[in-house]
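Residue numbers (our numbering): 877 to 1156.
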Amino acid sequence: MQAISKTLFLFLAILLILPDAHADEQIFFGGTYEQLRQEAEKQGKPYFIYFYAQPGKLDRETFGNKYVKMYVKSRYLAFKSQAFSLYSDFLTRKYEVKKLPQICIFTPQGKMVERIEGFISAKDLLDKLRTHERKQGKPADNNIAFGQAANPELSLQLRELAEIKEVYKFSIRRQTIKEKTIAVQLGVFESYDNLVKSVQELDENWHDNIMVVEVEIEKRRLFRLMLGPFYTIEHAKGYQRSLRERKGLYGLIIALDDFQPIAPEREAEYSVERFQKPKN
């Protein structure tokens, strides 16, 4: 009987440490970190953040384990943060994550109670999570926690002194310049505030082809505001004419090859006719 008990114990132990390829429970929260925090307080559940660079041994052997999945699904909320996106960078700085992979465990109110660096087995992770399952407590100071990830003095000034002027939604992507493409330049700005206001006005008038070229002249930072790219001089001139007639905007046609105005003698290089010439 004793031999059977030992065999059964060993069998269960092996099951615990092995990943289960058939267990398909999704344990990681699908929303944002802020939504996870709200849900943790609402449900009164502790949570943890798994910081990682690339999926690896932790994913396969630990989070892939059936018993880890079953336990986390019932007792915890879990969040994955892959370095190094902007948002992940905020979280890694906020919680001073120096090494990857890393698991940070929190109370339902957001107090960190343990930091686990590097690989941890399924069995050891379960032991850690059980240890902290019923702990409660708030962070010492939310403003200090934020300040560690940003600027404590400026954060305090923003909280106490700042007057909100405008809130903008930004979407910025680098633009690859292709050969023989064109833009219509609407203005050159030294003031970043004026640039933002102009971009806002264009965006609100349904322009989705806004380009900003940052330049420096004698240590002065300037911004060229353009619409484009266009692939023929005919298209660019039509757009230029429409802006003038409908909006009173006088744009300058610019070659994106060298960011110089296109002189009349160069227009043939950008004409639609170049696409219609037969290839030898």
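We put the beta carbon where it would ideally sit given N, CA and C, even for glycine.
Here the structure is a predicted model, which is why all the values come from computation and not from measurement.
{"Asked": "Give the secondary structure of K956 by DSSP, where H, G and I count as helix, E and B as strand, and everything else as coil.", "Found": "strand"}
{"Asked": "Between the stretch 1089-1097 and the stretch 1106-1115, do at least 3 Cβ pairs fall closer than 8 Å?", "Found": "no"}
{"Asked": "Could you give the first and the last residue of the continuous alpha helix (DSSP H) run that contains R913?", "Found": "Y909 to Q919"}
{"Asked": "Cα separation between S1067 and Q1076?", "Found": "14 Å"}
{"Asked": "Which stretch, first to last residue, makes up the beta strand (DSSP E) that contains V1060?", "Found": "I1058 to F1065"}
{"Asked": "Closer than 7 Å by C-beta to Y1126: which residues in its own chain qualify, once you throw out the five before and the five after it? Chain order, please.", "Found": "R1120"}
{"Asked": "Rounded to whole angstroms, what's the CA-CA distance from I1138 to L1128? Just pull it up for me.", "Found": "9 Å"}
{"Asked": "I need the straight-line Cα distance from F905 to A954, nearest angstrom please.", "Found": "6 Å"}
{"Asked": "Name the two residues that bound the continuous beta strand (DSSP E) containing E1090.", "Found": "I1086 to I1093"}
{"Asked": "Cα separation between F937 and T1007?", "Found": "Per the sequence shown, the amino acid found at residue 937 is Glu instead of Phe. When rounded, the distance between both Cα atoms is 21 Å."}
{"Asked": "For G994, report the span of its beta strand (DSSP E) as first-last.", "Found": "Premise fails: G994 is in no beta strand (DSSP E) and is neither H nor E."}
{"Asked": "CB-CB under 7 Å to K974, same chain, minus the five flanking residues each way: which ones, in chain order?", "Found": "none"}
{"Asked": "Could you check if F995 is buried or exposed, using at least 16 other CB atoms within 10 Å of its CB as the buried criterion?", "Found": "exposed"}
{"Asked": "CA-CA distance, Q1136 and A1112?", "Found": "14 Å"}
{"Asked": "Which residue wins for smallest C-alpha separation from R1010, given the options E1141, I981 and E993?", "Found": "I981"}
{"Asked": "Go through its chain and collect everything with a Cβ distance to L952's Cβ below 7 Å, but skip five positions before and after it.", "Found": "Residue 952 is actually Tyr in this sequence, not Leu. For Y952, where only same-chain residues beyond five positions count, the Cβ hits under 7 Å are K921, P922, Y923, F924 and L1005."}
{"Asked": "Can you check whether the CB of Q978 is closer than 9 Å to the CB of Y928?", "Found": "yes"}
{"Asked": "Could you tell me the distance, in whole angstroms, from the CA atom of A843 to the CA atom of F1099?", "Found": "The shown model of the chain, from 877 to 1156, leaves out residue 843, and the question about it has no answer."}
{"Asked": "Is there a C-beta anywhere in chain C that falls below 9 Å from the one on N1085?", "Found": "The displayed structure is made up of one protein chain only, and chain C is not part of it."}
{"Asked": "Just to confirm the assignment, what range does the alpha helix (DSSP H) spanning Q1076 have?", "Found": "Y1068 to E1080"}
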